[in-house]
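Asks: Be aware that the sequence shown starts at -14, since it is given in our numbering, and climbs by one per residue. Quick one: this structure, given as structure tokens, is what I'll be asking you about.
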Amino acid sequence: MSDGHEHNGHEHVPSRQRRCFPGISSRTYEHPADRSALVALRKLSGFDTVFKALSGLLPERSLRLLFLSDSVRVSDQQFSHLNVMLRDACYILDLEKVPPMYVNQDPQPNAMCIGLDEPIIVVTTGLVELLDEEEMRAVVGHEVGHALSGHSVYRTILLFLTSLAVRVAWIPLGNLAIMAIVTGLREWFRKSELSADRAGLLVGQDLQASMRGLMKIAGGNHLHEMNVDAFLAQAEEYEAGGDLRDSVLKILNVLPRSHPFTTVRAAELKKWAESRDYQRIMDGHYPRRDEDKDTSVRDSWRDSANHYSTHVKSSKDPLMKLVTDLAGGAGDLGDRVRRGFGGFTNPAQKPPQGPETPGTSDSPGDDRPPRDES
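Rendered as structure tokens:
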């Protein structure tokens, strides 16, 4: 338990009693999709070459100097309450070296963990002003989770390649090659956010605070106008609603984003918080860092495959239901194909009255531009 004493050079631990996790491995909270997406990313043609080249070329010293010169570094003298949260998060997750943390002037609520050699945590003023103390603690834990998992390296390369893709857009095929890797990186990073959300919960140990923070990122500082259960119901409706057209639109909407949608993040985190795995971690039963070298890659792949299989079978998304039907050889599949996309409408929805018309379930996509959340 967090007792307020010095540990690995960390001081100023808040008085509230929180469970600590000595020697915890990032495997404890990493989402299976995070690990499998990273493996798939590393198998992407040309990724290793680009990664090795950028690791030596990226101006990391320049990046550090930029934040040092044009942001506020968190310390005992500046944003001391964030410094307390940062040290406490490192104490709980047993991250020996506390990463530098900066507050950057930006009204957009956001946070990131970047850096190749050593991670740097950056939070925006928009985020600091939006969240209360417990909500912010979950965000700081989220970023420390990124640091412990080593996500900052790939995040840094993603930021650089995204910027580079814009600069070389005029070169024939050059942009396509870079965007293939950027797309792979974004797919992995969206999954890594689910892992970091779990790390944030392990640090804050307050599910309601984590839920509130995600709601505020989605709807602003109007908690009196929002409800956690209704917010989670949106995630349920998002997953189950519509027909195959909506499934395709969901994919297209999420492709340019670096983060999953906030309702999806909230639903995933709540599901994990209610699982036996989470309870075992809180009881002190979790993988240790010194066991990482003995971890079987094959076992990790098996866990990821089992996760995807379970996800597809239990999903209410029309496209996932089609995949399940194809795998199971559903007898009415041919008829549903002949009737068009309307034949894949969620069975939970009532059919329209009168003569059946193909494709009557319209669910227009959201035309608002995508934005990233912390």
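Beta carbons are placed, not taken as given, at the ideal position from N, Cα and C, and that holds for glycine.
Hey, would you say Ile106 sits closer than 8 Å to Glu81, going by beta carbons?
Replies: No, they are not a contact pair.
Asks: Classify Met97 as helix, strand or coil using the three-state DSSP reduction.
Replies: In the structure shown, Met97 sits in a strand (DSSP, three-state: E or B).
Asks: With three or more beta-carbon pairs closer than 8 Å as the criterion, would you say the segment 177 to 192 touches the segment 2 to 22?
Replies: Because the criterion of three Cβ pairs below 8 Å is met, the segment 177 to 192 and the segment 2 to 22 touch.
Asks: Closest to Ile142 by C-alpha separation, out of Gly130, Ile99, Leu133, would be which residue?
Replies: Nearest C-alpha to Ile142: Ile99.
Asks: Decide if Leu116 is buried, meaning its Cβ has at least 16 other Cβ atoms within 10 Å, or exposed.
Replies: It is buried - the Cβ of Leu116 has at least 16 other Cβ atoms within 10 Å.
Asks: Is the segment 252 to 259 close to the segment 185 to 196, with three or more CB pairs under 8 Å?
Replies: Yes, they touch.
Asks: Excluding five sequence neighbours on each side, which residues of the same chain lie with their C-beta closer than 7 Å to the C-beta of Asp55?
Replies: Hits under 7 Å: none found.
Asks: In terms of residue numbering, what span does the alpha helix (DSSP H) encompassing Asn89 cover?
Replies: Not the alpha helix (DSSP H): Asn89 falls in the beta strand (DSSP E), residues 86 to 89.
Asks: On the three-state DSSP scale, how would you describe Arg3?
Replies: Coil at Arg3, not helix or strand.
Asks: Assess contact between the segment 268 to 278 and the segment 4 to 11, defined as three or more Cβ pairs (one per stretch) separated by less than 8 Å. Is contact present?
Replies: At 8 Å Cβ cutoff, the stretches touch.
Asks: Distance check for Trp173 and Ala22, CA to CA, integer angstroms please.
Replies: The alpha-carbon atoms of Ala22 and Trp173 are separated by roughly 5 Å.
Asks: What is the DSSP secondary structure of Val124, reduced to helix, strand or coil?
Replies: DSSP places Val124 in helix when its eight states are reduced to three.
Asks: In the DSSP assignment, what are the bridge partners of Val57?
Replies: Val57 is bridged to Val88.
Asks: Whose C-beta lies closer than 7 Å to the C-beta of Ala258 among residues of the same chain, with five residues either side of it excluded?
Replies: Counting only Cβ-Cβ distances below 7 Å, and skipping sequence neighbours, we find Leu186, Leu192.
Asks: Please say whether Pro85 and Arg58 have beta carbons closer to each other than 8 Å?
Replies: Contact: yes.
Asks: In the DSSP assignment, find the unbroken alpha helix (DSSP H) run with Ile202 in it and report its ends.
Replies: Run containing Ile202: 192 to 204, per the alpha helix (DSSP H) assignment.
Asks: So Val125 and Ala74 are supposed to be a Cβ contact under 8 Å. How far apart are they, rounded?
Replies: Indeed, because the Cβ distance is near 5 Å, the residues count as touching under 8 Å.
Asks: How close, in whole Å, do the beta carbons of Arg122 and Gly189 come, if the pair is a contact with beta carbons under 8 Å?
Replies: Contact flag correct, Cβ pair sits at about 5 Å.
Asks: Helix or strand or just coil, what does DSSP make of Val188?
Replies: Note: Val188 maps to helix in three-state DSSP.
Asks: Return the Cβ separation of Leu170 and Leu146 in integer angstroms, given the expectation that the two are a contact with Cβ distance under 8 Å.
Replies: Sure, about 7 Å apart at Cβ, within 8 Å.
Asks: With respect to the alpha helix (DSSP H) encompassing Val83, which residues constitute its N-terminal and C-terminal limits?
Replies: First-last for Val83: undefined, no H or E at that position.
Asks: What first and last residue would you give for the beta strand (DSSP E) that runs through Thr13?
Replies: First-last for Thr13: undefined, no H or E at that position.
Asks: So if DSSP puts Thr109 in a beta bridge, which residue, or which two residues, is it bridged to?
Replies: Paired residues: Asn89.
Asks: On the criterion of 16 or more Cβ atoms from any shown chain inside 10 Å, does Arg265 qualify as buried, or is it exposed?
Replies: Exposed, because fewer than 16 other Cβ atoms sit within 10 Å of the Cβ of Arg265.
Asks: Just curious, the alpha helix (DSSP H) that Phe216 is in, first and last residue?
Replies: Looking at the DSSP string, the run of the alpha helix (DSSP H) that includes Phe216 is 213 to 225.
Asks: Taking the continuous alpha helix (DSSP H) assigned at Ile360, which residues delimit it?
Replies: Here the chain covers residues -14 to 359 and nothing more, so residue 360 does not appear.
Asks: To the nearest angstrom, how far is it from the Cα of Arg3 to the Cα of Val167?
Replies: Their Cα atoms are separated by approximately 38 Å.
Asks: May I have the straight-line CA-CA distance separating Glu120 from Ser137, to the nearest angstrom?
Replies: For Glu120 and Ser137, the distance between alpha carbons rounds to 22 Å.
Asks: Going by DSSP, what residue range makes up the alpha helix (DSSP H) through Tyr76?
Replies: That run of the alpha helix (DSSP H) goes 65 to 77.
Asks: Does His209 pass the burial test, meaning 16 or more other C-beta atoms within 10 Å, or should it be called exposed?
Replies: Label assigned to His209: exposed.
Asks: What separation, rounded to the nearest whole angstrom, lies between the Cα atoms of Glu224 and Ser47?
Replies: Cα-Cα distance, rounded: 43 Å.
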